[in-house]
Amino acid sequence: MIVLGIETSCDETAAAVVTAGREIRSNLVLSQLDEHRPFGGVVPEIAARSHLDHLDGLIREAMEQAGIDFDDLDGVAATAGPGLIGGVFVGVMTAKAIAAARRLPFLAINHLEGHALTVRLTDGLDFPYLLLLVSGGHCQLVAVEEVGCYRRLGGTVDDAVGEAFDKTAKLLGLPYPGGPAVEAAAKQGDPARFNLPRPMLGRANLDFSFSGLKTAVRHLVAEVAATDAPKAALDRQTVADLAASFQAAVADVLADRCQRALAIFRQSYGQSGPLVVAGGVAANQMLRQRLAETAATGGSCLLAPPPALCTDNAAMIAWAGAERLNRGLSDPLDFAPKPRWPLESLATAEGRAQQTNPKGVAVL
Ligand code: KG4
Ligand code: ZN
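Residue numbering for the sequence shown is 19 to 382, as defined by the numbering used here.
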């Protein structure tokens, strides 16, 4: 079974061809970074227009690299939400057009489900497993029970962890996107120089909070800048130390929450299983190292996709499509893209709207 995947929910235009046998035939990602960098963040209209300009060429290239023709496909999958809706529309309409023209099943993929299932593509992991999903828009702990069945164990009550990285980078005068820039700066920094708060540490539930941490960075930046006056910009070492101190605080919080989640998961499912981390922030090597230690302490191990499959890509969308197709699922061509689409809602009829299998039989 061969599936074409399309990802356009944020600032990456991506197309990939993946087989149900876990083979990535092609996986192309075109970053729009240069277009958004002058604005210090993603501009939705620019993103949508850029997806429109580049997507068809990228799909052609992905098909060529995979060495197949549209007739060889068994399905076309596209991110149908959550995300910046203009971009999501571009990907969904393109996928629907290919599906209609070639009479192929269309698969509307939840972007978070793409991240959640990536570890089954890379490592063939069985259900159930505990997932820490950390990206620019999301931070949640999820029990992954089956394709379409996700139980949210906890999540952020304010900012996502990637958002905290991006905002901290901005405060420190580091370039966009913030995550990789903070990680690089932190390598030269002293994580013990600034004592930043560890929100939610030790709490009985599995929630996160990052807005206070970001505010603490803002106050420190203002303080340091004032004492260094008239030098407005922070010196290099201070930036590195602030980045390292921020990253250490995030690591402590994620480790604490995951340690508790592993215990709760074991109680609920009678097995520990590996701790899986996915989403853009999972590309961070320091955090991966720390979570690996946490998992080992809890009698488990860490499974994390390679960094290129942690950040947004279309291989994960094609794979989620293959998983759904394998279970006889596909979506109607009038499926409406969803700007908001919680992972746990997929188990309900309203969450997925109507689904049909390739033979057209309704399976709600
Ligand atoms: O999953 P993703 O590519 O897009 C979303 O679905 O949001 O995640 C992007 C987020 C951004 O906030 C980015 O700063 C963060 O992931 N990120 C990182 C690293 N690489 C990307 N955060 C920390 N360390 C990194 N190395
Ligand atoms: Zn993502």
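For every residue, glycine included, the Cβ atom is placed at its ideal position computed from N, Cα and C.
Between residue i and residue j, which are expected to be in contact by the criterion C-beta below 8 Å, what is the C-beta distance as a whole number of angstroms?
i, j, result
"residue 19", "residue 343", "6 Å"
"residue 333", "residue 139", "7 Å"
"residue 124", "residue 114", "6 Å"
"residue 95", "residue 339", "3 Å"
"residue 212", "residue 182", "About 15 Å; that fails the 8 Å criterion."
"residue 274", "residue 232", "Incorrect: roughly 18 Å between the Cβ atoms, too far for contact."
"residue 22", "residue 336", "6 Å"
"residue 194", "residue 203", "No, residue 194 and residue 203 are not in contact; Cβ-Cβ is about 14 Å, not under 8 Å."
Using only the heavy atoms of ligand 2, determine whether one of them is closer than 7 Å to the beta carbon of residue i.
i, result
"residue 237", "no"
"residue 196", "no"
"residue 184", "no"
"residue 153", "yes"
"residue 330", "yes"
"residue 298", "yes"
"residue 72", "no"
"residue 54", "no"
"residue 133", "yes"
What are the partner residues of residue i, as DSSP defines its beta bridges?
i, result
"residue 268", "For residue 268, which the question treats as bridged, DSSP gives no partner whatsoever."
"residue 167", "164"
"residue 30", "49"
"residue 44", "35"
"residue 321", "294"
Residue range of the alpha helix (DSSP H) that residue i falls in?
i, result
"residue 186", "179-189"
"residue 118", "103-120"
"residue 127", "Not the alpha helix (DSSP H): residue 127 falls in the beta strand (DSSP E), residues 124-128."
"residue 344", "333-344"
"residue 211", "Neither: residue 211 is in no alpha helix (DSSP H) and is coded neither H nor E."
"residue 329", "That residue, residue 329, is in no alpha helix (DSSP H); it is neither H nor E in DSSP."
"residue 313", "303-315"
For residue i, does the three-state DSSP call read helix, strand or coil?
i, result
"residue 98", "strand"
"residue 194", "coil"
"residue 229", "helix"
"residue 174", "strand"
"residue 83", "helix"
"residue 89", "helix"
"residue 206", "coil"
"residue 143", "coil"
"residue 347", "coil"
"residue 159", "strand"
"residue 132", "helix"
"residue 61", "coil"
"residue 353", "coil"
"residue 366", "coil"
"residue 234", "helix"
"residue 220", "coil"
"residue 138", "helix"
"residue 360", "coil"
"residue 75", "helix"
"residue 285", "helix"
When every heavy atom of ligand 1 is checked, does at least one fall within less than 7 Å of the C-beta of residue i?
i, result
"residue 25", "no"
"residue 93", "no"
"residue 157", "no"
"residue 302", "yes"
"residue 129", "yes"
"residue 28", "yes"
"residue 39", "no"
"residue 291", "no"
"residue 180", "yes"
"residue 201", "yes"
In the DSSP assignment, the beta strand (DSSP E) including residue i goes from what residue to what residue?
i, result
"residue 150", "147-152"
"residue 23", "20-25"
"residue 13", "This structure cannot speak to residue 13, because the chain is shown only from 19 to 382."
"residue 296", "293-296"
Using 7 Å as the cut-off, classify the Cβ of residue i as near or not near the heavy atoms of ligand 3, replying yes or no.
i, result
"residue 165", "The model on display carries ligand 1 and ligand 2 but not ligand 3."
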